[in-house]
Amino acid sequence: MISKKITAITICAFLTTTLFGYIPVKALDKVSKNNIKGSNIQGVQVAKTEAKAPNKKLTVMVYSDADNNLEQGLLEDIEEMKVGYVDNSDLNVIALVDRTPDYSDDETVLGENFSDARMYKIENNKVVRIEGGKNFPEITKTSEYEANMGDAQTLKKFIDSCKANYPADKYALIMSNHGGGVRKDKSLQEPKNPKAVCWDDTNDEDCLYTGEISDVLTNDESVNVLAYDACLMGACEIAYQYRPGNGGFQANVMVASAPIVWGEGFKYDNIFKRLKADGGKTSETDLTLKGKEQNFDPSTVTDLQLGALMVEEQRDAAESAKENSQVLSCFDLSKIEVLKNSVDKMAISLWEENKKADIERLRGTEKKTTLLHYFDENDKREWLSYPYFDLYDLCRTISTDSAFSTPIKKLATTVMQNVDDVVVYSYGGKKFKGFTEGKTGLSIFLPDGNKVYRDVTANTSYSEWKGQRWYNSIDTAILQPDYLYGKLNWCKDGQTPKINDIGNWFEMLDCWFDSSNGDNGGDNGYQW
Numbered sequence: 002m003i004s005k006k007i008t009a010i011t012i013c014a015f016l017t018t019t020l021f022g023y024i025p026v027k028a029l030d031k032v033s034k035n036n037i038k039g040s041n042i043q044g045v046q047v048a049k050t051e052a053k054a055p056n057k058k059l060t061v062m063v064y065s066d067a068d069n070n071l072e073q074g075l076l077e078d079i080e081e082m083k084v085g086y087v088d089n090s091d092l093n094v095i096a097l098v099d100r101t102p103d104y105s106d107d108e109t110v111l112g113e114n115f116s117d118a119r120m121y122k123i124e125n126n127k128v129v130r131i132e133g134g135k136n137f138p139e140i141t142k143t144s145e146y147e148a149n150m151g152d153a154q155t156l157k158k159f160i161d162s163c164k165a166n167y168p169a170d171k172y173a174l175i176m177s178n179h180g181g182g183v184r185k186d187k188s189l190q191e192p193k194n195p196k197a198v199c200w201d202d203t204n205d206e207d208c209l210y211t212g213e214i215s216d217v218l219t220n221d222e223s224v225n226v227l228a229y230d231a232c233l234m235g236a237c238e239i240a241y242q243y244r245p246g247n248g249g250f251q252a253n254v255m256v257a258s259a260p261i262v263w264g265e266g267f268k269y270d271n272i273f274k275r276l277k278a279d280g281g282k283t284s285e286t287d288l289t290l291k292g293k294e295q296n297f298d299p300s301t302v303t304d305l306q307l308g309a310l311m312v313e314e315q316r317d318a319a320e321s322a323k324e325n326s327q328v329l330s331c332f333d334l335s336k337i338e339v340l341k342n343s344v345d346k347m348a349i350s351l352w353e354e355n356k357k358a359d360i361e362r363l364r365g366t367e368k369k370t371t372l373l374h375y376f377d378e379n380d381k382r383e384w385l386s387y388p389y390f391d392l393y394d395l396c397r398t399i400s401t402d403s404a405f406s407t408p409i410k411k412l413a414t415t416v417m418q419n420v421d422d423v424v425v426y427s428y429g430g431k432k433f434k435g436f437t438e439g440k441t442g443l444s445i446f447l448p449d450g451n452k453v454y455r456d457v458t459a460n461t462s463y464s465e466w467k468g469q470r471w472y473n474s475i476d477t478a479i480l481q482p483d484y485l486y487g488k489l490n491w492c493k494d495g496q497t498p499k500i501n502d503i504g505n506w507f508e509m510l511d512c513w514f515d516s517s518n519g520d521n522g523g524d525n526g527y528q529w
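The opening residue of the sequence shown carries number 2 in my numbering; numbering runs sequentially from there.
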């Protein structure tokens, strides 16, 4: 249990770290195992020297966790990068690829079949195997090192290695794997646990929790653009976790999908084809940036242009395949703190005016929800695991519903305006009725917390809020050693130290759905 008074001390410590330990990230731009010891073996080249590469303008870091059933799909992503990459003195593309012996024996994409983790520099129609250097000594040109991609230390080493050996003025990090969801072929699969990304089968299905990344990575690992080629990561809780100025790992821009993603992932060949020095335009219409699609010089491309490029190519790929269930958004994380503050103010008023029943009416239950949402409302497990609703649409509905007072409607309108600032570009397929580009595409957690969930496997029943205790500000390992992870800054920041009072969205939900508020913190260990 974590008492709120203890939590207040934690918040003070966090604020001290933030205010006095903050070094800003670069300002936001405006708009089977084979030992390969030689070179050129099976199409893969091995770098012959360890001299640090000359400084370039843009380094794209690809964290490719293929140690699971997505192996073949992620290898196809690497192949797309090879095809799309245009030789450029200002662009590095570095990939850490972890494979498994269970799903693919392919040796054509990387020139070798293996089941460990290896690093490559991606170039035009080829890859060069590289070492991790001092920052990642386990990775050599002949190593058979099994990296745990679900350990934040691995991510930290990878980023540090890239920054040390392939320095640049701008960095983009692509996280490619399960993200609370599963990709397979072009179909949509049942997502995994909603609180993490990058599952590693070889390492006991370990994964990267949102709070874990903040615990391990520092401002030194910060990037300009953070892109999730993974499911369900387009949430305000994740965007807020890595906002600029948080004192730790941060990004200026985030690109992510609110619902689950298709097996194709990002359209990497088309993305990288448009990153080339000569710039210019194509004959295709750009529905994201408007006008004709333009190519971007890696030496001058802005953070938001990189995000827009990913969104537009995802739009083109999905519509070409007649796939109507895809969403991808580009978020300006410098605006997310203002958005959170406005959401918290609205939450306080909803609590003070006792609007739980009205919010539940709008939210609905099971098949009866009309709000724009990013899960299957017909699936009880999805209501438990990731009841993600579109934040803009929620507030748009509140602002026009007669059950809410004028002050609440004004607060909802303010949230809408702030969401509009955060969501710079977004695309949503026709499946998502009411999707408004540039406004919708950012989700928020809104559970049916009082609903009783029957766990047939465990032969037990419990409230959904108790089953959702990972959505928390505390370290949930306190509740149960193997129950990870909590420590979401969205849930922590804005809490009031007073007992039986609320200060933010999380405390509003806890007040509404927790069965008790005693010293033990009730269902989720947190005393509001």
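Just so you know, even glycine gets a beta-carbon here, dropped at the ideal spot from N, CA and C.
Between which residues of its own chain and residue i is the CB-CB distance below 7 angstroms, once the five residues before and five after are set aside?
i, result
"Y269", "D78, E81, M82 and G85"
"T370", "R364 and E378"
"T141", "E132"
"S223", "V26, F250, Q251 and A252"
"W506", "V344, D345 and A348"
Measuring alpha carbon to alpha carbon, tell me which of the options ends up nearest residue i.
i, options, result
"A212", "D205, L310 and Q242", "Inspection of the sequence shows that residue 212 is occupied by Gly rather than by Ala. The candidate whose alpha carbon is nearest that of G212 is Q242."
"D201", "Y172, E147 and C512", "E147"
"I95", "I175, F115, S144 and Q73", "I175"
"W491", "I445, P260 and I160", "I445"
"S400", "M509, F390 and V416", "V416"
"L71", "L92, L59, V98 and K58", "V98"
"G248", "W263, L218, Y229 and C232", "L218"
"N93", "F115, M120 and T109", "M120"
"D421", "D230, C237, A165 and S162", "C237"
"N136", "Y389, Q154 and M150", "Q154"
"G266", "K452, K493, L372 and D317", "D317"
"T366", "L351, S350 and Y389", "Y389"
"I272", "L310, P448 and K493", "L310"
"L351", "M509, G495 and D476", "M509"
"Y104", "G74, G495, G264 and P448", "G74"
Can you give me the C-alpha to C-alpha distance between residue i and residue j, rounded to a whole angstrom?
i, j, result
"K122", "I239", "29 angstroms"
"L305", "R470", "35 angstroms"
"R100", "S177", "13 angstroms"
"W513", "G308", "37 angstroms"
"V61", "Y426", "21 angstroms"
"T407", "N204", "53 angstroms"
"R244", "E354", "31 angstroms"
"S462", "S343", "36 angstroms"
"A348", "G504", "8 angstroms"
"E324", "Y375", "16 angstroms"
"E113", "N125", "18 angstroms"
"E438", "S321", "19 angstroms"
"K291", "D345", "34 angstroms"
"Q481", "G487", "12 angstroms"
"E383", "S162", "38 angstroms"
"G442", "C232", "13 angstroms"
"L385", "D230", "23 angstroms"
"V424", "K440", "6 angstroms"
"V129", "D66", "19 angstroms"
Keeping to the same chain, check which residues put their C-beta closer than 8 angstroms to that of residue i; ignore five residues upstream and five downstream.
i, result
"G519", "Q528"
"K467", "S516, D524 and N525"
"D117", "K34, D99, R100, S144, E145, Y146, E147 and A148"
"N89", "L276, K277, A278 and P299"
Under the DSSP definition of a beta bridge, which residues are partnered with residue i?
i, result
"R533", "The structure shown has nothing for residue 533, since the chain only spans 2 to 529."
"F405", "Bridge partners of F405: none, in fact."
"F390", "H374 and I445"
"G249", "None, per the DSSP bridge assignment."
"T60", "N93 and Y172"
"L227", "L174 and M255"
"K293", "T286"
"I131", "M120"
Only counting the same chain, and skipping five residues up and downstream in sequence, which positions put a Cβ closer than 6 angstroms to that of residue i?
i, result
"S326", "G430 and K432"
"D107", "L76"
"S258", "G235, V328 and L329"
"E139", "Y146"
"V226", "A173, V254, D304 and L307"
"A197", "C208, L209 and Y210"
"V87", "K277"
"C396", "A413, V416 and M417"
"V312", "T289, L329, C331, Y426 and Y428"
"Y167", "A54, T60, N93 and I95"
For chain B, check one thing: does any of its Cβ atoms lie closer than 8 angstroms to the Cβ of residue i?
i, result
"K157", "Note that chain B does not occur in the displayed structure, where there is just one protein chain."
**Prompt:** Can we say the stretch 292-300 touches the stretch 354-362, given the rule of at least three CB pairs closer than 8 angstroms?
**Reply:** no
**Prompt:** For the 8 angstroms Cβ check, are there 3 or more pairs between the stretch 317-337 and the stretch 247-267?
**Reply:** yes
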